[in-house]
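Visitor: This is the structure I want to talk about, given as C-alpha cells.
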Amino acid sequence: MNKPSQTAKMPQPSPAPKRGLWAIGVILLALVSWAVLGKFAPNPKAPKKDNSGSNQQQKKETDKVSRTENKTGLKLVKIPAGSFLMGSNYQPDEQPIRRVTLSSFHMSKTEITVGQYKRYCEATGEKMPIAPDFNKGWSKLDHPIVRVSWDDAKGYCAWAGVLLPTETEWEYASRGGLEGKKYPLEDAWHGSKCANSVSPYKPSGTVPVGSYAANGYGLHDMSGNVWEWCTDWYSDKYNPSDTNNPQGSPTGIMRVLRGGSWFNTNPDLFRCAFRYFNYLLNPDGRSGDGGFRVVFRGLP
Ligand SMILES: [Ca+2]
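Numbering-wise (the numbering used here), the sequence shown opens with residue 2 and increments by one.
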C-alpha cells in the first residue's frame, strides 16, 4: 500500500481571494440597486396630486351636455379656453383691437333649426313664428329658424338650459383658431363657401344648416345663412380694459347680431369682427334672415 505522497497532504490554495471578489460584487450590486430603486421609488414626502375634484367636475359637465343634447336635439361642440385678438380696424365700432381671454365653453354646431325650435314650442306651448315664403308651413326642418326675436331666443335658452353667446364668445368661436383672419375659414372672401346672396347658389332663402364646410372648431355657418343673436347690448366701441370673459356693455337699446345672412351681398358683413345692429331689430324685432345659436358654459 502506497503511502500518501507528501504532495497530497500539502494545504490547498486558500479560496480567500475568490470569496473577496464575490463579496465586492455583491456590494456593487447592492449599491447599483439602491441607486436605481432610490431614483424611481415614490417619495413618501411628496404630496399626491388630487385630480378627483376636477375629474368630478368634468364628468358633471359632460353629463349635463349629454342631457341637454338629448332634450333639445342640439349638437354641442367644446370650444377650448384661450385668448385671441378681438376686433379689427375695418369699422370704428370694432375697436380697439385688444387681446381677450376666455374660459372654455360649448357652442351649438349649427344655428338652431326649425325642428329644434318646434320641439321647444311643443314642450312649452310657445307659438312658432309666422313661416316665411321660402319655408312655407315650416316644412324644411333642417333649415335655421328665422323671425325669432332676441326675447324668443332667450325663451328657448331658458327651456334648453343654455345661453346666448356673448359677442366675444361668438367672435372667438367664429375664428376657429385662425387669429387675425377676416372670415371663419380664411382671410379672403369666397362667397361660394357660405350661404349668401352672391354665392354661385344664390339662395333665395335659408339653406339646410351644415351645407357648407365647418370652421376650425367644427362650427357651421358662422358666416352666412342667418344672422345670430348675441347676448350683448350694442355699444359703439369696446371697453379696452374688459379683457377677461367680457360681457359687453351693461346698458343699451339694441342687441348685437353677428355673421351675415343669405340675404346679404356685402362681404364686409360676413367678417368675424363685424357687429350688426338695427333699430328695427330691438329685442322685440324679427327678421326673415335672423336666427341664433347657443352656448353652454361649464368648467371655467
Ligand atoms: Ca350664421
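Ideal placement from N, C-alpha and C gives every residue a C-beta, glycine not left out.
Using the three-state DSSP reduction, which class does L22 fall into: helix, strand or coil?
Guide: Translated into positions along the sequence shown, residue 22 becomes position 21. Confidence in L22 is poor, its pLDDT being 49 and thus under 50, which makes the residue's placement unreliable; the coordinate value appears in the next sentence. It is helical.
Visitor: Quick check: the region 123–133 against the region 92–107, are at least 3 beta-carbon pairs closer than 8 Å?
Guide: No, they do not touch.
Visitor: Leaving aside the five residues before and after T69 along the sequence, list all residues of the same chain whose C-beta is less than 8 Å from its C-beta, in chain order.
Guide: Numbered from its first residue, the sequence shown carries residue 69 at position 68. Excluding residues within five positions, the ones whose Cβ falls inside 8 Å are L75, L77, A161, G162, V163 and F297.
Visitor: Let me make sure I understand the geometry here. Which of S55, Q57, Y91 and T73 has the alpha-carbon closest to that of R276?
Guide: Stepping through the sequence shown from its first residue, residue 276 is reached at position 275. Comparing Cα-Cα distances from R276 to each of S55, Q57, Y91 and T73, the minimum goes to Y91.
Visitor: What residue does the beta strand (DSSP E) around G177 start on, and which one ends it?
Guide: On the sequence shown, position 176 is the one that residue 177 refers to. Unbroken run through G177: none, as it is neither H nor E.
Visitor: On the three-state DSSP scale, how would you describe F297?
Guide: Working through the sequence shown from its first residue, we reach residue 297 at position 296. In the structure shown, F297 sits in a strand (DSSP, three-state: E or B).
Visitor: With H, G and I counted as helix, E and B as strand and the rest as coil, what does DSSP make of W171?
Guide: For this step, residue 171 is matched to residue 170 along the sequence shown. Helix.
Visitor: E123: beta carbon under 8 Å from a heavy atom of ligand 1?
Guide: Working through the sequence shown from its first residue, we reach residue 123 at position 122. Every heavy atom of ligand 1 is 8 Å or more from the Cβ of E123, so no.
Visitor: Would DSSP call F275 helix, strand or coil?
Guide: Position 274 of the sequence shown holds residue 275. Of the three classes helix, strand and coil, the one that applies to F275 here is coil, per DSSP.
Visitor: Taking Cβ to Cβ, would you say A154 is nearer than 9 Å to L165?
Guide: Counting from 1 along the sequence shown, the entry for residue 154 is found at position 153. Counting from 1 along the sequence shown, the entry for residue 165 is found at position 164. Against a cut-off of 9 Å, the Cβ pair of L165 and A154 comes out as a contact.
Visitor: Shorter than 8 Å, the distance from the beta carbon of G177 to the closest heavy atom of ligand 1, or not?
Guide: For this step, residue 177 is matched to residue 176 along the sequence shown. G177 Cβ: outside cutoff for every heavy atom of ligand 1.
Visitor: Looking only at its chain, what residues have a beta carbon closer than 6 Å to the beta carbon of R272, apart from the 5 residues adjacent to it on each side?
Guide: Sequence index remark: in the sequence shown, residue 272 carries index 271 (1-based). If we look at R272 and ignore the five residues flanking it on each side, its Cβ neighbours are K183.
Visitor: For W171, which residues in the same chain have their Cβ closer than 6 Å to its Cβ, ignoring the five residues on either side in sequence?
Guide: Counting from one through the sequence shown, the residue named residue 171 turns up at place 170. So the qualifying residues of the chain are C231 and R259.
Visitor: According to DSSP, what are the bridge partners of K128?
Guide: The count along the sequence shown starts at 1 and reaches residue 128 at position 127. BP columns for K128 are empty, so no partner.
Visitor: How many whole angstroms separate the CB atoms of F293 and I113, which I take to be in contact at a CB cut-off of 8 Å?
Guide: Reading the sequence shown from its first residue, position 292 is the one you call residue 293. Reading the sequence shown from its first residue, position 112 is the one you call residue 113. That pair is a contact at about 6 Å.
Visitor: Suppose the cutoff is 8 Å on Cβ atoms and the five residues either side in sequence are ignored; what does the same chain contact list for K10 look like?
Guide: On the sequence shown, residue 10 is found 9 positions in, with the first residue counted as 1. A caution first: K10 carries a pLDDT of 36, below 50, which makes its placement in the model unreliable, though a value can still be read off. Around K10: no qualifying Cβ.
Visitor: Whose C-alpha, out of G291, L270 and D243, is nearest the C-alpha of I98?
Guide: The residue given as residue 98 occupies position 97 in the sequence shown. The residue with the shortest Cα to Cα distance from I98 is D243.
Visitor: Can you tell me where the alpha helix (DSSP H) holding V66 begins and where it ends?
Guide: For this step, residue 66 is matched to residue 65 along the sequence shown. Note, V66: alpha helix (DSSP H), S53 to T73.
Visitor: Figure out for me which residue from K65, G206, Q58 and L142 has the closest Cα to the Cα of S288.
Guide: Position 287 of the sequence shown, counted from the start, is the residue given in the question as residue 288. Nearest of K65, G206, Q58 and L142 to S288, Cα basis: G206.
Visitor: At a cut-off of 8 Å, would you count G225 as near ligand 1, judging by its Cβ distance to the nearest heavy atom?
Guide: Locating residue 225 in the sequence shown gives position 224, counting from the first residue. Correct: G225 has its Cβ closer than 8 Å to ligand 1.
Visitor: Around the Cβ of D237, are there at least 16 other Cβ atoms within 10 angstroms (buried) or fewer (exposed)?
Guide: Mapped onto the sequence shown, residue 237 falls at position 236. Exposed, since its Cβ has fewer than 16 Cβ neighbours within 10 Å.
Visitor: Flag this pair as touching only if the region 264–271 and the region 189–203 have three or more C-beta atom pairs under 8 Å; answer yes or no.
Guide: Touching, per the Cβ criterion.
Visitor: Just the C-alpha distance for C158 and P251, rounded to the nearest angstrom, thanks.
Guide: One-based indexing of the sequence shown puts residue 158 at position 157. One-based indexing of the sequence shown puts residue 251 at position 250. So the two alpha carbons sit approximately 20 Å from each other.
Visitor: Output needed for Y235: all residues of its chain with C-beta closer than 6 Å, excluding positions within five of it in sequence on either side, in chain order.
Guide: Sequence index remark: in the sequence shown, residue 235 carries index 234 (1-based). Answer for Y235: G253, M255, V257 and F278, listed in chain order.
Visitor: Return the residue from the list V208, R148, G261 and S212 that minimises the CA-CA distance to Y118.
Guide: Counting from one through the sequence shown, the residue named residue 118 turns up at place 117. When only C-alpha atoms are compared, the closest one is R148.
Visitor: Would you tell me roughly how many angstroms separate the C-alpha atoms of G249 and M87, rounded to the nearest one?
Guide: Here residue 249 is taken as the residue at index 248 of the sequence shown, counted from 1. Here residue 87 is taken as the residue at index 86 of the sequence shown, counted from 1. For G249 and M87, the distance between alpha carbons rounds to 12 Å.
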